[in-house]
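To convert, note that position 133 of the sequence shown is 133 in the numbering used here; the numbers rise steadily by one, no gaps.
Quick reminder that beta carbons are idealized off the backbone N, C-alpha and C, glycines included.
Written out below as structure tokens is the structure these notes cover.
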Amino acid sequence: MSIIDFLVSVNGVAQLWAADGQFLGILSSNLYDQNSISNPHGIYGGSYSIYSIRNSYGLYGSQYGVYSPYNIYCLNPPIVLYQGQPVLIVTRNSQILSNNLPVVDPELLLSVYAQINNPMPTFNPHIGLSQTIFDMFK
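See the structure below:
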């Protein structure tokens, strides 16, 4: 199973946790769930929320945040828990010690759940085809 297939299968169930123990939301495409990372007005999906990886100025979302998946030097990035077990590391740090856990880029993670809500094909300038994110990784 690919990472994208896995993320789709755990929609609304898996959880995102920071290394300091802070809950960062449910991996969900639900725009209205108060715990969803996709809720733009929610505590875990809003771009100004202190507990959102979408907050580009926050501890959990900035390029300099000590627990941020966008910090390319972050040694303690967020993890995805599914059924109480760590299953993915969310980071842009290409040198992270993953302990054999798969690593996913935060933009890919967020894009998967955005695409579930809006499956319209998009233009990808890198390959010049109109496709959904799911098609890009087949």
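Between alanine 18 and tyrosine 48, the CB-CB gap reaches or exceeds 7 Å.
Looking at Asn35, Asp105, Asn76, the one whose alpha-carbon comes closest to that of phenylalanine 23 is Asn35. Within the segment 47 to 124, the alpha helix (DSSP H) runs of at least 4 residues that lie entirely inside it are, in chain order, 106 to 117. Put simply, the segment 30 to 45 does not touch the segment 82 to 97. Fewer than three CB pairs are less than 8 Å apart. Taking C-alpha positions only, glutamine 63 is separated from methionine 1 by approximately 30 Å. For the beta strand (DSSP E) assignment, the uninterrupted runs of no fewer than 3 residues enclosed by the segment 17 to 52 are, from N- to C-terminal side, 23 to 26.
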